[in-house]
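Residue numbers (the working numbering): 182 to 358. These notes concern the structure reproduced below.
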Ligand SMILES: Nc1nc2c(ncn2[C@@H]2O[C@H](COP(=O)(O)OP(=O)(O)O)[C@@H](O)[C@H]2O)c(=O)[nH]1
Ligand SMILES: [Mg+2]
């Protein structure tokens with residue numbers, strides 16, 4: 182099988198860069214230090230994150246998008262040629278889910294047939310929302326898998342990636358039939 186291209190997208194501060202760093206020891210990130218009272222963290226992705234990883238024999242090129250909507254031209258550019266995507270949200274931050282919904286709708290309408298899975302990240306936090314509440318907030322269909330993840334934890338992000346790889350492979354199998 183060819184090398185897969187998987188996009189990690191979702192709003193600012195969801196944990197996308199962390200996930201790529203957890204999976205790929207050779208990760209390249211474009212986080213820039215920012216000085217602003219409005220921001221909840223001190224660095225933010227301005228172009229892309231990139232990493233190469235082998236998951237159970239499947240080679241994957243992982244591309245992380247910036248989260249802020251002012252970089253939305255990068256969402257379009259980075260998604261060219263992707264095989265599937267992970268839509269990541271911060272499950273402990275209900276206020277971010279409105280932005281998340283807009284971004285999710287953007288990807289759903291741009292790539293209606295692309296396999297994708299939702300990552301309910303920061304599931305280690307006590308104040309996390311339930312998976313059902315996240316599904317409702319994103320208006321995601323019942324057949325879209327939602328996984329609780331901790332972006333620092335290799336096992337939880339591996340589980341997520343394996344689910345997406347299987348969706349991508351089953352889609353390819355249907356096309357060949
Ligand atoms: N508790 C917890 N913190 C996380 C998790 N994933 C990421 N973070 C933290 O959330 C912040 C945003 O992460 P980052 O990867 O930069 O988010 P991005 O904007 O989506 O790339 C950082 O301070 C991370 O350390 C997680 O699963 N649990
Ligand atoms: Mg980032």
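Just so you know, even glycine gets a beta-carbon here, dropped at the ideal spot from N, CA and C.
Original post:
Going by the beta-carbon positions, is the gap between residue 188 and residue 244 smaller than 8 Å?
Top reply: yes
**OP:** Give the DSSP bridge partners of residue 250, in chain order.
**Re:** DSSP lists no partner for residue 250.
**OP:** Could you pull out every residue in the same chain whose Cβ sits closer than 7 Å to the Cβ of residue 344, ignoring the five residues on either side in sequence?
**Re:** 298, 326, 328
Original post:
Taking C-alpha atoms, which residue in 308, 311, 201 lies nearest to residue 236?
Top reply: 201
Original post:
Would you say residue 271 and residue 194 are within 8 Å of each other, going by their C-beta atoms?
Top reply: yes
Subject >> Nearest neighbour of residue 233, chosen from 301, 273, 186 [CA to CA] >> reply: 186
Subject >> Bridge partner(s) assigned by DSSP for residue 329 >> reply: 301
Original post:
What do you reckon, is the C-beta of residue 198 under 7 Å from a heavy atom of ligand 4?
Top reply: With respect to small molecules bound, the structure shown includes ligand 1 and ligand 2 and not ligand 4.
Subject >> Cα-Cα separation, residue 275 to residue 315 >> reply: 9 Å
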